[in-house]
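Going by the working numbering, the sequence shown opens with residue -3, and the numbers climb by one from there. Since the structure comes first, as structure tokens, the remarks are kept for the end.
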Amino acid sequence: MASPPPITASLLAYTFNQDATCLAIGTDRGYQIFTCEPWASAHSCSEGGVGVVELLHSSSLVALVGAGTRPGESTRRLVMLNTRTNTSICELNFSSSVLRVRMNASRLLVVLETRTHIFELSSMKLLHTLETARPASPLCNRSIEEYAPNRLGLADMCVAVGRCHAVLPAAAPGQILFFDALQLHALSTLHARKSALAALAISPCGSRVASASEKGAARPAQHAPPRAGTVIPTRVEDQLGTTVSVHSFPQGELLHAFRRGAIPASIYHLAFSSCLPPHDGAASGAGAAAATAQVWRCSRAAMPISGL
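Shown next, in the form of structure tokens:
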């Protein structure tokens, strides 16, 4: 089978489906879906720029958000599309730009800078809204806690059947909210980092959470299980280079703290290997600004698998 032609448009977004059998990209011209084995183009559309794209397994359902570079490509509109018939299933409009979309068989997460919306996927009914920012105002009550905006659109959700474990930035810089998107309640809040989060990921089965921060140093948590809705106490431990920490979900126990080199680097993306119980998230990987990728084995004797 011939390989698909090279991509000549500007790349704006990329994502794998839940079992990493397909890859979708969004460009300033449209979007394209590839199968990974064998590598081939499965579907493409060039009717306008796409800034956010999300797949649901190997189904024909795709979530798209415009790139905002041309009229009609609104960054505030989410389109649920059937690629088999090339028809729109529904469109959702929001008050600000959609930064990220995550899907599993039950739920749809739509991440904005100041809030995250949770929808029932089958009916597209809005179930819950999480406020992720409360801007300061001289008119507001200063006793009300202020939340930092989620400018990077950080959020992730596991894909295991019957689970909807989700993670997203919490109130204070470096905090992670552990949330049950199926029952719609917070489980705990983990103070995992010393500075604002730069990347965040949950393993496919929802048992592990990886995080990296803007300044790199981790906050290893104490191993006491938290009460629901409480902040897990931590102590500070500085490390050279940039660290990626892996915690258990929802207990917040520090499982691993991986170091990427001796010089700090910005981490742009984190991911776990596929869900193969009991080895959920057996390996984790990080992509950095230094044009490198690290892969670590998440075992008791954790060690790097490779550095690219």
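Backbone N, C-alpha and C define an ideal beta-carbon position, used for all residues, glycine too. Here the structure is a predicted model, which is why all the values come from computation and not from measurement.
> Is the beta carbon of residue 178 less than 8 Å from the beta carbon of residue 154?
Replying inline: Here the question's residue 178 lines up with position 182 in the sequence shown. Here the question's residue 154 lines up with position 158 in the sequence shown. Not a contact, by the Cβ cut-off of 8 Å.
>> Rounding to the nearest angstrom, what Cα-Cα distance links residue 88 and residue 269 in this structure?
In response: Residue mapping note: residue 88 aligns to position 92 of the sequence shown, counting from 1. Residue mapping note: residue 269 aligns to position 273 of the sequence shown, counting from 1. Whole-angstrom Cα-Cα distance: 32 Å.
> Taking the alpha-carbon positions, what's the residue 11 to residue 192 distance?
Replying inline: Position 15 of the sequence shown, counted from the first residue, corresponds to residue 11. Position 196 of the sequence shown, counted from the first residue, corresponds to residue 192. Between residue 11 and residue 192, the C-alpha separation is close to 23 Å.
> With burial defined as no fewer than 16 other Cβ atoms inside 10 Å of the residue's Cβ, what is the status of residue 220: buried or exposed?
Replying inline: As a first step, residue 220 is located in the sequence shown; it is residue number 224 there, counting from the start. Any reading at residue 220 must be qualified, since the residue scores a pLDDT of 35, below 50, and its modelled position is unreliable; the value itself is stated next. With fewer than 16 Cβ atoms within 10 Å of its Cβ, residue 220 is classed as exposed.
> Just checking my contact of residue 117 with residue 103 at CB under 8 Å: how many whole Å lie between their CB atoms?
Replying inline: Indexing the sequence shown from 1 puts residue 117 at position 121. Indexing the sequence shown from 1 puts residue 103 at position 107. So it is a contact: roughly 6 Å between Cβ atoms.
>> Using a 10 Å radius around the Cβ and a threshold of 16 neighbouring Cβ atoms, would you call residue 27 buried or exposed?
In response: Taking the first residue of the sequence shown as position 1, residue 27 is located at position 31. Flag for residue 27 reads buried.
> Is the stretch 48 to 66 touching the stretch 27 to 39 in the sense that three or more CB pairs, one from each, lie closer than 8 Å?
Replying inline: By the Cβ test, the stretch 27 to 39 is in contact with the stretch 48 to 66, since at least three Cβ pairs between them sit closer than 8 Å.
> Mind pulling the beta strand (DSSP E) runs of 3 or more residues that sit fully within the stretch 56 to 132?
Replying inline: Counting whole runs of 3 or more residues, the stretch 56 to 132 contains the beta strand (DSSP E) stretches 57 to 62, 73 to 78, 83 to 89, 96 to 99, 103 to 107, 111 to 116, 121 to 127.
>> Less than 8 Å between the beta carbons of residue 54 and residue 79, yes or no?
In response: Here the question's residue 54 lines up with position 58 in the sequence shown. Here the question's residue 79 lines up with position 83 in the sequence shown. Against a cut-off of 8 Å, the Cβ pair of residue 79 and residue 54 comes out as no contact.
> Which stretch, first to last residue, makes up the beta strand (DSSP E) that contains residue 176?
Replying inline: Counting from one through the sequence shown, the residue named residue 176 turns up at place 180. Residue 176: member of the beta strand (DSSP E) spanning 171 to 176, first to last residue.
> Given that a residue counts as buried once 16 or more other Cβ atoms are within 10 Å of its Cβ, and exposed if not, what is residue 119?
Replying inline: Within the sequence shown, residue 119 is the residue found at index 123, counting from 1. Residue 119 comes out exposed.
>> I need the DSSP call for residue 8, collapsed to helix, strand or coil.
In response: Reading the sequence shown from its first residue, position 12 is the one you call residue 8. Residue state, collapsed to three classes: strand.
>> On a Cα-Cα basis, can you pick out the residue from 168, 288, 152 that is closest to residue 176?
In response: Working through the sequence shown from its first residue, we reach residue 176 at position 180. With respect to the C-alpha of residue 176, the residue from 168, 288, 152 having the closest C-alpha is 152.
> residue 154 by DSSP, collapsed to three states: which one?
Replying inline: The residue you call residue 154 lines up with position 158 of the sequence shown. Here residue 154 sits in coil by DSSP.
> Should the stretch 33 to 41 be called in touch with the stretch 94 to 102, which here means at least 3 C-beta pairs below 8 Å?
Replying inline: The answer is no - the stretch 94 to 102 does not touch the stretch 33 to 41, with fewer than three Cβ pairs under 8 Å.
> Who are the Cβ neighbours of residue 211 in its own chain at under 7 Å, not counting the five residues just before and after it?
Replying inline: Position 215 of the sequence shown, counted from the start, is the residue given in the question as residue 211. Excluding residues up to 5 positions away in sequence, 190, 191 lie with their Cβ nearer than 7 Å to the Cβ of residue 211 in the same chain.
> How many Å lie between residue 99 and residue 259 at the Cα?
Replying inline: Locating residue 99 in the sequence shown gives position 103, counting from the first residue. Locating residue 259 in the sequence shown gives position 263, counting from the first residue. Cα atoms of residue 99 and residue 259: separation of roughly 35 Å, rounded to the nearest angstrom.
> Name the DSSP bridge partner or partners of residue 52?
Replying inline: For the purposes of this step, residue 52 is taken as residue 56 along the sequence shown, with counting starting at 1. Residue pairing from DSSP leaves residue 52 without any beta-bridge partner.
> So, residue 204 versus residue 245, is the Cβ gap smaller than 8 Å?
Replying inline: Within the sequence shown, residue 204 is the residue found at index 208, counting from 1. Within the sequence shown, residue 245 is the residue found at index 249, counting from 1. A distance below 8 Å separates the beta carbons of residue 204 and residue 245.
>> I need the boundaries of the beta strand (DSSP E) containing residue 189, first residue and last residue.
In response: Mapped onto the sequence shown, residue 189 falls at position 193. Segment: none, residue 189 is in no beta strand (DSSP E) and carries neither H nor E.
>> From the DSSP secondary-structure annotation, give me the bridge partner or partners of residue 18.
In response: As a working mapping, residue 18 is identified with position 22 in the sequence shown. In the DSSP output, where bridge partners are listed per residue, residue 18 has 31.
> Among all the DSSP beta bridges, which residues are the ones paired with residue 165?
Replying inline: Position 169 of the sequence shown, counting from 1, holds the residue named residue 165. The partner list for residue 165 (beta bridge, DSSP) reads 172.
>> For residue 305 and residue 15, I'd like the C-alpha separation in whole angstroms.
In response: In the structure as shown, the chain begins at -3 and stops at 304. Residue 305 is therefore absent and cannot be evaluated.
> Is the Cβ-Cβ distance between residue 180 and residue 123 less than 8 Å?
Replying inline: Reading the sequence shown from its first residue, position 184 is the one you call residue 180. Reading the sequence shown from its first residue, position 127 is the one you call residue 123. Contact flag set, yes.
> Does the Cβ of residue 294 have 16 or more other Cβ atoms within 10 Å, making it buried, or fewer, making it exposed?
Replying inline: In the sequence shown, the residue the question calls residue 294 occupies position 298. Burial call: buried.
> Taking Cβ positions, are residue 318 and residue 263 nearer each other than 8 Å?
Replying inline: Only positions -3 to 304 of the chain appear in the structure, and residue 318 is not among them; the question remains open.
> From what residue to what residue does the beta strand (DSSP E) around residue 254 run?
Replying inline: One-based indexing of the sequence shown puts residue 254 at position 258. Run containing residue 254: 250 to 256, per the beta strand (DSSP E) assignment.
> Roughly how many angstroms separate the alpha carbons of residue 206 and residue 195, rounded to a whole number?
Replying inline: Against the sequence shown, residue 206 aligns to sequence position 210. Against the sequence shown, residue 195 aligns to sequence position 199. Approximately 8 Å, taken between the alpha carbons.
> Which residues in the same chain as residue 223 place their Cβ atom closer than 8 Å to its Cβ, once the five residues preceding and following it in sequence are excluded?
Replying inline: Translated into positions along the sequence shown, residue 223 becomes position 227. Note that residue 223 scores a pLDDT of 42, beneath 50, so its modelled location is shaky; the value from the coordinates is reported in the next line. Contacts found: 184.
> If you draw a straight line from the alpha carbon of residue 162 to that of residue 199, how long is it in whole angstroms?
Replying inline: The sequence position of residue 162 within the sequence shown is 166, counting from 1. The sequence position of residue 199 within the sequence shown is 203, counting from 1. In a straight line, the C-alpha of residue 162 is about 10 Å away from that of residue 199.
> Can you list, in chain order, the residues of its chain whose CB lies under 8 Å from that of residue 65, leaving out five sequence neighbours each side?
Replying inline: Reading the sequence shown from its first residue, position 69 is the one you call residue 65. Around residue 65: 24, 45.
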